[in-house]
Structures are given as C-alpha cells and as structure tokens.
Amino acid sequence: MLDYEYHPEAEAEYLAEVAYYSQISGELGLRFVTEVEAAILRARQFPLEKERRP
C-alpha cells in the first residue's frame with residue numbers, strides 16, 4: 044500500500060472542514076472524516092483504478 048502525507052495547506056483546510064462540520068453536528072464531523080479516510084484508503088489500495096460512474 045502506498046504511503047501518503049497531506050500537503051500542509053491541504054491538511055489545514057481538511058482540519059478546518061472537520062471543525063466546521065463538527066460545529067454543526069458531532070456526528071456530521073465524524074461522517075466527514077470517515078468518508079475522507081475511506082476515499083484515501085481506496086486510493087492507496089488501488090492507485091491505478093478509476094472511479095466508475097454510471
């Protein structure tokens with residue numbers, strides 16, 4: 044599996060979005076983190092795959 048790290052500006056933006064969604068609802072913040080982390084995991088596991096859209 045490929046390693047990754049956030050670009051400092053991307054990490055700051057990500058954390059700001061987590062804070063924003065968490066202010067609206069703790070559950071919403073958690074769902075946002077879960078979806079982002081799942082997308083990163085898929086990209087790391089299958090770096091050559093493209094998302095298939097209907």
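Residue 44 is where the sequence shown starts when you use the numbering used here, and the numbers rise one by one after that. Positions of the beta carbon are idealized from the N, C-alpha and C atoms, including for glycine.
Work out the CA separation of residue j and residue i for me, nearest whole Å.
i	j	result
Ala-62	Gly-72	7 Å
Leu-91	Ser-65	33 Å
Gly-69	Ala-59	14 Å
Arg-87	Asp-46	7 Å
Glu-48	Ile-67	27 Å
Pro-51	Tyr-57	10 Å
Ala-55	Arg-85	22 Å
Leaving out the 5 sequence neighbours to the left and right, which residues in its chain are closer than 6 Å to residue i when beta-carbon positions are compared?
i	result
Ala-81	none
Enumerate in chain order the residues of its own chain whose CB-to-CB distance from residue i is below 8 Å, with the five nearest sequence positions on each side excluded.
i	result
Ile-3	Nothing can be reported for residue 3, as the shown portion of the chain is limited to 44 through 97.
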